[in-house]
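Protein sequences appear in the order of chains Y and D. Residue 400 is where the first sequence starts when you use our numbering, and the numbers rise one by one after that. Residue 248 is where the second sequence starts when you use our numbering, and the numbers rise one by one after that.
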Amino acid sequence: MRNLCKIASRNLLRYKRRTLLTTSLIGIGVVFVLVFVAVTGSFKRYMVGQITDSYLGDVQVHRRGYVASIENLPLTMNLKAGEAEKIRSALAGIPEVEAVSERIKFGGMFSNFTETTNIRMNAVVPDKEFAACPLMGSRILEGVKDVSSLQRGKILIPELLARGMKVKLGDTVVIVATNRQGSVNGKTFAVGGILESATGPGGRDGYMHMDDAVDLLRLKEREVTEVVVNLKNGNNLKQVSRRLQEAFAGELNPMGMPKFEVHTWDQLSPFANIANMIDVMTFFIKLMLVAVVLVSILNVMIMAVYERVREIGTIAAIGTLPRRILSLFLVEGFFLGVTGAVLGGAAGGAIILVLNFTKISFSFGRNPVVLSPAVAAWDVATVALAVIIVSVLASLQPAYKAARMEPIDALRHV
Amino acid sequence: MSLVTAENLSKTYKTDGIEVRAVREVSFEIEPGAFVSFVGPSGSGKTTLLNLLGCMDKPTSGRLEVAGTDVTPLDKRAAAVFRGENFGFIFQSFNLLPVLTAYENIEYPLVMVRNVPAGERRQRVLELLEAVGMADQRDKYPGQLSGGQMQRVAIARALVTRPKLVLADEPTANLDHDTAFRIIHLMKEIRKRLNTTFIFSTHDTRIIGEAEILYTIEDGKLLGREVAHA
């Protein structure tokens with residue numbers, strides 16, 4: 400093997416310019432893929448973080464069928480206290496859970512005493528909501544950016560609504576809502592804060608204290624429309640979702656169907672489609688890299704075989720077995736792939752490092768997005784491995800051709 | 248017992264649809280340790296015959312036995328193994344691997360064909376470098392050697408596996424007169440020392456007289472056999 404490697408490496412060095420060009424091309428492809436993966440990955444992580452930490456949480460639990468009718472905000476699908484307790488105890492047994500917030504969601508009328516419009520309300524326990532959605536405070540554009548802005552009697556309203564209704568911080572407003580029995584009730588609130596719109600379905604949502612909602616809706620006990628779960632590590636999303644579904648498997652409604660439904664953020668947010676699109680784009684960029692490597696290596700190895708026909712004839716004549724000749728060219732392809740992957744990996748890593756120092760920022764919505772491109776060791780290893788495997792595969796046809804050459808024909812080659 | 252026995256050996260091939268009978272019912276025997284030359288003009292069938300003897304080509308008809316083995320039915324892989332075990336080859340254009348030094352070129356068959364242990368490899372290569380007078384050039388690449396030096400390295404490479412038979416196709420065709428003589432004398436000298444059988448083809452009238460057994464070939468037929476008396 401050592402001798403195969405020696406001969407292969409010297410043959411590559413024999414055509415320095417060609418080897419350099421080929422490995423550079425592969426390297427540039429690897430750099431492109433790694434930087435793309437790092438930048439888009441960073442954008443994705445930022446956006447997912449914004450969505451889950453601002454509003455959605457990582458996982459949500461509802462009564463079965465609620466999400467299908469979420470636009471109607473039906474109070475009839477609220478979870479009773481006993482049912483909410485079952486969810487609480489299931490979540491308590493999952494160590495990956497960081498924080499949990501319970502919400503009552505309902506539709507209401509928002510009035511500034513001169514105009515009225517509709518609003519979607521989220522009634523929450525402030526401490527728990529701020530823990531489950533840690534970016535909640537930063538979404539408060541006007542007002543105190545903590546739980547005190549959501550004490551009883553206070554309301555957080557979305558910015559667009561405040562602007563349209565000409566409502567300012569501290570103003571008194573009225574929320575009118577219809578309860579489950581159909582009776583209408585109203586309650587005055589002081590505007591405790593004006594909220595930046597969250598990306599996704601929470602863009603027009605206001606917040607009030609849970610106890611205020613119990614009064615407004617004339618509930619006999621605290622009910623829960625949705626349970627929002629924040630995880631310690633977003634990578635455990637599927638695992639936690641599965642565990643919750645397993646925990647609720649025994650909870651059936653009178654129809655014999657599961658009583659609760661568990662959704663991960665990507666099942667609830669339209670951004671999941673953008674995230675999937677980024678993944679698809681990344682896949683195609685990787686496919687392009689494969690094509691670049693395939694064409695480069697195939698081209699260079701076909702040339703290598705064509706230029707060395709007499710040498711192949713000589714080594715075959717003196718008794719080198721076909722599989723050794725095959726190995727010789729495969730090792731050359733392997734070396735080209737390894738060199739390209741290593742050069743590309745190193746250059747890609749350096750570029751990602753530079754991008755981190757220079758801080759890429761661009762405007763996405765209201766806030767400037769600052770990306771921190773990073774690429775996982777696993778991604779680098781996968782890309783490098785793919786390049787090496789494709790290099791060897793691309794060498795296979797020329798190598799096979801070399802191994803199958805008849806020495807007598809090869810020696811005659813001019 | 249003969250090292251090579253050819254019985255009614257024929258080879259016919261087609262070039263551009265035209266059938267060429269390159270070797271026609273040739274029969275001969277070669278004894279171990281012989282220094283044999285096939286002589287004839289260009290296109291007489293010398294190279295085709297050497298290719299048949301070297302198991303690089305298959306006869307159309309006839310029988311060929313080398314070192315007690317009927318080589319006519321050997322497939323590609325078996326032929327390669329047989330060549331590696333029994334033959335050494337010397338080519339007209341030397342055919343050294345340009346990426347290997349003189350030492351490494353000689354060592355190549357021991358590494359890539361025979362898997363000889365490193366210590367023994369080194370000993371054999373150094374011995375042959377000494378024998379062909381190339382010990383001081385061992386680290387040079389073929390591109391740094393003259394034609395005569397390259398052919399010396401090629402001879403050493405052909406002998407390093409201690410083959411029963413060395414086949415040389417026009418080994419002096421690309422060499423000047425003096426170098427050609429020195430190469431043929433070197434082959435003879437090594438033949439004496441190692442008792443290796445040498446078969447070479449040539450149409451070079453300058454070196455024909457150096458062969459001990461001379462087969463004349465023309466239009467694929469053996470016309471005669473001459474034995475030189477020392």
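Virtual Cβ for every residue (Gly too), placed ideally from N, Cα, C.
Taking just the CA atoms, how far does A798(Y) sit from G599(Y)? Legend: pLDDT at G599(Y) = 47, less than 50; position of this residue unreliable, no value from coordinates given.
Rounded to the nearest angstrom, what separates R303(D) and E710(Y) at their Cα positions? Correcting the residue type first, residue 303(D) is Met in the shown sequence and not Arg. Their backbone Cα atoms lie some 15 angstroms apart in a straight line.
Could you tell me the alpha carbon to alpha carbon distance between G601(Y) and N755(Y), rounded to whole angstroms? Only weak support is given to the placement of G601(Y): the predicted model assigns it a pLDDT of 49, under 50, and the question is left unresolved by the model.
Can you grab the Cα-Cα spacing for the pair Y454(Y) / R444(Y), in whole Å? 15 angstroms
For F336(D), decide whether its Cβ has a neighbour in chain Y, counting only Cβ atoms nearer than 7 angstroms. yes
Just list the beta strand (DSSP E) runs in the stretch 474 to 541 of chain Y, keeping only unbroken ones of 3 residues or longer that don't cross its boundaries, in chain order. 496 to 510, 515 to 523
Which first and last residues belong to the alpha helix (DSSP H) in which D818(Y) is found? This structure does not reach residue 818(Y), given that chain Y is present from 400 up to 813, and the question cannot be answered.
Identify the contact partners of N402(Y) in chain D, using a Cβ-Cβ distance below 7 angstroms as the criterion. V358, M359
In three-state terms, what does DSSP make of H432(D)? helix
Does the stretch 620 to 635 of chain Y come close enough to the stretch 471 to 478 of chain Y that 3 or more CB-CB pairs lie under 8 angstroms? yes
Tell me the rounded alpha-carbon separation between V474(D) and T294(D). 21 angstroms
Hey, does A716(Y) have any beta-carbon neighbour from chain D nearer than 7 angstroms? yes
Is L469(D) near the ligand COA, going by C-beta to nearest heavy atom under 6 angstroms? Only the bare structure without any ligand can be found here, which leaves the ligand COA out of the picture.
Residues that R330(D) contacts on chain Y, provided the C-beta gap is smaller than 8 angstroms: A716, I717, G718
Our contact map puts V429(Y) next to V782(Y) with C-beta atoms below 8 angstroms; I'd like the distance itself, whole angstroms only. 6 angstroms
Does the stretch 716 to 730 of chain Y touch the stretch 402 to 414 of chain Y, meaning 3 or more C-beta pairs lie closer than 8 angstroms? yes
What's the gap between the Cα of V572(Y) and the Cα of I554(Y)? 9 angstroms
Spatial neighbours of F529(Y) within its chain, please: C-beta separation below 6 angstroms, excluding the five flanking residues on both sides. M535, V546
Verify the CB distance criterion: does E710(Y) have a CB-CB separation below 7 angstroms to chain D? yes
Tell whether a beta-carbon distance below 7 angstroms holds between P389(D) and M397(D). yes
Identify, in the order they occur along the chain, each residue of the same chain with its Cβ nearer than 6 angstroms to the Cβ of I759(Y), setting aside the five sequence neighbours on each side. L770
Length of the line joining the Cα atoms of R472(D) and F275(D): 9 angstroms
Measure the alpha-carbon distance for V318(D) versus T252(D) and round it to whole angstroms. 11 angstroms
Can you check DSSP and say which residues form a bridge with K553(Y)? A589(Y)
When DSSP labels each residue in this structure, what does G563(Y) get in the three-state scheme? helix
Which of the three DSSP states is assigned to R648(Y) in this structure? Sequence inspection shows Ala at residue 648(Y); the Arg mentioned does not correspond to that position. Correct three-state label for A648(Y): coil.
Partners in chain Y for K344(D), counting only beta-carbon separations shorter than 8 angstroms: It should be pointed out that residue 344(D) corresponds to Leu in this sequence rather than to Lys. Within 8 angstroms Cβ-Cβ: I406, E710, T713, I714.
Under a Cβ-count criterion, where at least 16 other Cβ atoms within 10 Å of its own Cβ denotes burial, should A491(Y) be classed as buried or exposed? exposed
For E650(Y), which option in L411(Y), V613(Y), G748(Y), E484(Y) has the closest C-alpha, if you only look at C-alpha atoms? E484(Y)
Whole-angstrom C-beta distance between G712(Y) and P772(Y), which should lie under 8 angstroms: Contact flag wrong, Cβ pair sits at about 51 angstroms.
Complete beta strand (DSSP E) runs within the stretch 329 to 413 of chain D (minimum length 3 residues, chain order): 334 to 337
On a Cα-Cα basis, can you pick out the residue from G633(Y), V639(Y), V741(Y), G456(Y) that is closest to K527(Y)? G456(Y)
From the DSSP output, read off the bridge partner residues of S448(D). F285(D), D416(D)
Sorted by chain position, which residues of the same chain lie with C-beta nearer than 8 angstroms to D451(D)'s C-beta, five sequence neighbours on each side aside? E417, T419, A420, A427
Range of the contiguous alpha helix (DSSP H) that encloses L770(Y): Counting along the chain, L770(Y) falls outside any alpha helix (DSSP H), though it belongs to the beta strand (DSSP E) covering 767 to 770.
Anything in the stretch 292 to 310 of chain D with a Cβ closer than 8 angstroms to a Cβ of chain Y? List those residues in chain order, please. N298, G301, M303, D304
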